[in-house]
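**Student:** The following block contains the structure, expressed as structure tokens.
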Amino acid sequence: MAVKFLGCLTMGIVPLLFTISCSESVKSSESDAKVSGLEGLTADQAYREMVSTEEIIRELTPSIIRLRRAVSDLALPGHEAVHLFAPAAQVVDIDITASHRSDPDLPIQHRDVTIKQTAFALNELKRGIWAALWDQVEYFEDVRFGVIRGRKLSPAVFETKLKFSGRSRSSGRQINAWSGYVIASWQRDANESQWKITRWETVSMSCLEASRTLFRDVLPEALPGPSEVERARTSIHEGYLRDVFFTGATTFAYPKDYWIYVLSWDSLDQHTSVSVVDIDQDGWDDFYVTARWGRNQLWRNRRDGTFEDIAPRVGLDIDGVCNCALFADFDNDGDQDVFIGRSLERSLYLINRGGRFENSPSLLDGPLPYWASALAAADVDQDGLLDLYISTYRLPISKPTNILAHKFLDEKQRREFIRRRGEDHPVFRLSGPPNVLLLNQGNGRFNREPQAGGADLWLNSFQGTWSDYDNDGDPDLFVANDYAPDHVFRNDSGHLVDATADLAGDELQGFGMGVSLGDYDNDGLQDPYFTYMYSKAGTRITEMFEGLERRMYEGVTGNKLLRNTPEGFRNVSGDGPGQMQVMKAGWSWGGQFGDID
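Per my numbering, the sequence shown starts with residue 1, numbered consecutively.
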């Protein structure tokens with residue numbers, strides 16, 4: 001997973017945030033820096049206060065984990081957390097009524113949860129905290145507490161706002177999803193060895209109830225036997241990670257020169273993927289799985305609810321460093337061909353010849369790129385032939401000098417990359433390898449379009465997506481970039497024009513990791529959804545400082561759904577009334593529209 005600029009205090013990332021904000025956004029940091037709730041402090045003092053706050057939160061983390069265990073045991077405090085509470089801690093508890101409210105759009109019920117108006121001492125509550133919740137729960141499948149905010153009220157008193165979420169089963173096998181917020185006040189004891197909870201105030205609690213899930217895992221039923229299920233589920237990379245972190249060494253079954261360019265445990269530039277294709281044109285969907293390490297798998301649908309791997313039979317069991325695959329009829333002969341995007345090796349173009357796939361580099365006017373992260377096909381110039389956009393990703397901060405290796409960039413590209421690196425920003429704009437637009441010349445032949453109207457970008461692009469946002473009949477291009485703004489290119493008669501500023505202003509400032517489009521409001525216009533990063537730690541920290549650059553906030557607040565309007569794209573995501581609540585999805589890697597229900 002990519003390490004973002006607010007991901008972890010221990011990696012020295014917060015000093016980077018503070019250095020950037022003071023050097024670029026707040027020119028006179030000693031006089032201009034403001035901290036929410038800490039007015040009057042200089043920038044340096046504010047920074048120290050922020051670090052102190054985060055250190056206390058880290059100190060409280062084992063206690064918060066015990067709270068999670070206690071809730072899982074249906075007892076709060078219970079034996080897991082009894083030592084965390086002062087005996088006379090004040091508690092604002094909940095009541096749950098038997099009433100339900102049906103949702104007009106979904107097959108779920110809303111349970112009514114009310115907050116009591118009076119606080120009670122913990123030692124007066126015979127059944128402890130949240131007893132009304134235990135009455136509704138047979139067992140929890142998942143319980144989580146997250147620290148949304150923390151602040152020091154005095155040297156010995158600390159207040160946290162906790163987000164609670166849980167998924168449980170009732171005695172009637174109903175599924176319940178719980179969500180709430182708690183203000184917990186902690187006081188350090190006299191010898192400063194332990195924090196005790198002196199007040200537990202439930203601020204809000206909600207519950208959604210359903211009779212069944214929308215999906216269930218049927219893989220064991222769909223594959224021929226246990227060995228195939230294990231093979232399908234096994235991650236060689238996960239095994240490498242276990243070896244490296246628990247034994248300090250491992251044996252890699254790949255060329256040693258790979259490790260010149262990547263860390264053995266690093267997956268930042270390498271990902272697995274799934275592609276759906278009717279490989280044998282029998283009317284049933286098959287699927288292709290690419291592997292970071294190990295051989296790719298092509299699972300053919302046997303039309304009885306089961307699948308078999310036929311990748312070796314058709315020449316698609318490619319070994320390792322494959323990030324993505326895109327099947328389409330690129331030579332217009334009626335069957336599915338495939339481009340396969342790779343990282344440490346050049347990407348591949350394979351033509352389907354009678355059911356077997358053959359590598360066909362002679363159909364290209366030049367070699368395909370390394371570090372391909374995503375593939376997207378569309379008829380850009382409306383000539384009846386599918387063209388291809390290849391997104392590439394290789395951060396210069398991960399073994400940085402090695403992207404300059406002749407293996408990955410030719411001499412001209414090396415010079416251009418070095419020039420662009422000289423203009424980089426350490427967080428908001430990091431150069432990467434150029435993206436590639438291949439134009440189909442017919443009979444499966446492709447030529448590379450130089451610069452592609454600026455869509456080569458030279459950034460770190462996780463995904464490019466084609467969609468006709470302006471309904472003029474040709475596909476436009478959306479590109480999600482990590483460590484750089486995202487881009488939108490309008491297609492003007494086969495020529496790509498950067499329309500980002502006109503359409504979205506400065507909305508596309510997050511760490512872009514995916515983009516998809518769909519007509520969420522059924523108005524006939526395609527609306528883009530960009531997947532970014534929501535970080536509780538990042539949000540806590542940025543909220544402490546007033547007057548930071550907008551980009552500092554944008555980098556941690558989560559995903560964005562933009563409504564397509566005649567005036568451009570308007571952000572409609574958020575937590576408020578009438579807003580689409582699609583932001584806080586953690587560190588997201590991609591989204592997809594679909595009529596699931």
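Where is the CB? At the ideal position from N, CA and C, for every residue including glycine.
#1: What residues in its chain sit with their C-beta under 6 Å from that of Lys-560, if we drop five residues either side in the sequence?
#2: What are the start and end residues of each continuous alpha helix (DSSP H) run of 4 or more residues lying completely inside the segment 499 to 587, in chain order?
#3: Could you check the C-alpha separation between Gln-592 and Ile-260 for me, to the nearest Å?
#4: Could you check what DSSP says for Glu-24 in three-state terms: helix, strand or coil?
#5: Taking the straight line between their C-alpha atoms, what separation do you get for Ser-360 and Thr-539?
#6: Hey, quick one: how far does the alpha helix (DSSP H) through Pro-226 stretch, first residue to last?
#7: Return helix, strand or coil for Ala-311, following the three-state DSSP convention.
#8: Any contact of the segment 171 to 180 with the segment 196 to 213, i.e. 3+ C-beta pairs under 8 Å?
#9: Could you work out which residue in Lys-256, Leu-84 and Leu-263 is closest to Ser-193 when comparing CA atoms only?
#10: Given this structure, state the Cα-to-Cα distance separating Pro-367 from Glu-358, to the nearest angstrom.
#11: Quick check on this structure: which residue in Pro-475, Asp-597, His-495 and Thr-500 has the alpha carbon closest to the alpha carbon of Asp-486?
#12: Enumerated in chain order, which unbroken segments of the beta strand (DSSP E) with a length of 3 residues or greater are wholly contained in the segment 278 to 361?
#13: Could you check the C-alpha separation between Leu-503 and Val-218 for me, to the nearest Å?
#14: Let's test the definition: count the other Cβ atoms within 10 Å of the Cβ of Glu-221 and tell me whether it reaches 16, buried, or not, exposed.
#15: In the structure shown, what three-state DSSP assignment does His-495 receive?
#16: Which residues does DSSP pair with Tyr-139 in a beta bridge?
#17: For Ile-197, is the classification buried or exposed, using 16 other Cβ atoms within 10 angstroms of its Cβ as the cut-off for buried?
#18: Could you pull out every residue in the same chain whose Cβ sits closer than 8 Å to the Cβ of Ser-347, ignoring the five residues on either side in sequence?
#19: Which residue comes first and which comes last in the beta strand (DSSP E) that contains Ala-70?
#20: Anyone know if the C-beta pair for Trp-195 and Val-91 falls short of 7 Å?
#21: Can you tell me which of the three DSSP states His-406 falls into?
#22: Is it right to say Thr-10 is buried, meaning 16 or more other beta carbons lie within 10 angstroms of its own, or is it exposed?
#23: To the nearest angstrom, report how far apart Ala-374 and Asn-435 are at their CA atoms.
#24: State the Cα-Cα distance for the pair Leu-363 and Gly-442, rounded to the nearest angstrom.
#25: Rounded to a whole number of angstroms, what is the C-alpha to C-alpha distance between Ser-52 and Arg-151?
#26: In this structure, what does DSSP give as the bridge partners for Tyr-181?
#27: I need the boundaries of the alpha helix (DSSP H) containing Ala-81, first residue and last residue.
**Tutor:** In short, the structure shows the following:
#1: By 1-based counting over the sequence shown, the position of residue 560 is 560. Cβ within range, chain order: Phe-530, Asn-571 and Ser-573.
#2: The segment 499 to 587 contains these whole alpha helix (DSSP H) runs: 500 to 504, 536 to 544 and 550 to 554.
#3: Numbered from 1 along the sequence shown, position 592 holds the residue referred to as residue 592. Numbered from 1 along the sequence shown, position 260 holds the residue referred to as residue 260. Their backbone Cα atoms lie some 35 Å apart in a straight line.
#4: Along the sequence shown, read from residue 1 onward, the residue named residue 24 stands at position 24. Per-residue confidence for Glu-24 stands at a pLDDT of 40, beneath the threshold of 50, marking its modelled position as unreliable; the derived number appears in the next sentence. Note: Glu-24 maps to helix in three-state DSSP.
#5: Here the question's residue 360 lines up with position 360 in the sequence shown. Here the question's residue 539 lines up with position 539 in the sequence shown. In this structure, the CA atom of Ser-360 is about 49 Å from the CA atom of Thr-539.
#6: Taking the first residue of the sequence shown as position 1, residue 226 is located at position 226. Note, Pro-226: alpha helix (DSSP H), 226 to 233.
#7: The residue you call residue 311 lines up with position 311 of the sequence shown. Three-state result, Ala-311: helix.
#8: Contact annotation: the segment 171 to 180 touches the segment 196 to 213, with at least three C-beta pairs closer than 8 Å.
#9: Numbered from 1 along the sequence shown, position 193 holds the residue referred to as residue 193. Ranking the options by Cα distance to Ser-193, first place goes to Leu-84.
#10: By one-based count along the sequence shown, residue 367 stands at place 367. By one-based count along the sequence shown, residue 358 stands at place 358. Computed Cα separation, rounded: 16 Å.
#11: Counting from 1 along the sequence shown, the entry for residue 486 is found at position 486. Proximity to Asp-486 across Pro-475, Asp-597, His-495 and Thr-500 peaks at Thr-500, based on C-alpha coordinates.
#12: For the segment 278 to 361, whole beta strand (DSSP E) runs of length 3 or above, ordered along the chain, are 286 to 290, 297 to 301, 307 to 309, 322 to 328, 337 to 342, 348 to 353 and 356 to 359.
#13: Against the sequence shown, residue 503 aligns to sequence position 503. Against the sequence shown, residue 218 aligns to sequence position 218. Approximately 43 Å, taken between the alpha carbons.
#14: To locate residue 221, count along the sequence shown from 1; it is residue 221. Taking a 10 Å sphere around the C-beta of Glu-221, we find fewer than 16 other C-beta atoms and assign the residue as exposed.
#15: As a first step, residue 495 is located in the sequence shown; it is residue number 495 there, counting from the start. Reduced to three states, the DSSP call for His-495 is strand.
#16: One-based indexing of the sequence shown puts residue 139 at position 139. Under DSSP, Tyr-139 shares a beta bridge with Arg-169.
#17: Position 197 of the sequence shown, counted from the first residue, corresponds to residue 197. Classification of Ile-197: buried, given that the 10 Å Cβ count is 16 or more.
#18: Here residue 347 is taken as the residue at index 347 of the sequence shown, counted from 1. Exclusion of the five residues before and after Ser-347 leaves Phe-339, Ile-340, Gly-341, Leu-368, Pro-369, Tyr-370, Ala-372 and Ile-390 as the residues of its chain whose Cβ lies within less than 8 Å of its Cβ.
#19: On the sequence shown, position 70 is the one that residue 70 refers to. Membership of Ala-70 in any beta strand (DSSP E) is not indicated; the residue belongs instead to the alpha helix (DSSP H) covering 43 to 72.
#20: Here the question's residue 195 lines up with position 195 in the sequence shown. Here the question's residue 91 lines up with position 91 in the sequence shown. No; because the gap between Cβ atoms is not below 7 Å, this pair is not in contact.
#21: Counted from its first residue, the sequence shown places residue 406 at position 406. The answer is coil: DSSP assigns His-406 none of H, G, I, E or B.
#22: In the sequence shown, residue 10 corresponds to position 10, counting from 1. In this prediction, Thr-10 scores a pLDDT of 32, lower than 50, which makes its location untrustworthy; no coordinate-derived value is stated.
#23: Counted from its first residue, the sequence shown places residue 374 at position 374. Counted from its first residue, the sequence shown places residue 435 at position 435. For Ala-374 and Asn-435, the distance between alpha carbons rounds to 10 Å.
#24: Here the question's residue 363 lines up with position 363 in the sequence shown. Here the question's residue 442 lines up with position 442 in the sequence shown. Between Leu-363 and Gly-442, the C-alpha separation is close to 10 Å.
#25: As a first step, residue 52 must be located in the sequence shown, where it is residue number 52. As a first step, residue 151 must be located in the sequence shown, where it is residue number 151. Counting only the Cα atoms, Arg-151 lies some 10 Å from Ser-52.
#26: Taking the first residue of the sequence shown as position 1, residue 181 is located at position 181. Tyr-181 pairs with Lys-163 and Ser-204.
#27: In the sequence shown, counting from the first residue as 1, residue 81 sits at position 81. Annotation: the continuous alpha helix (DSSP H) that includes Ala-81 extends over 78 to 81.
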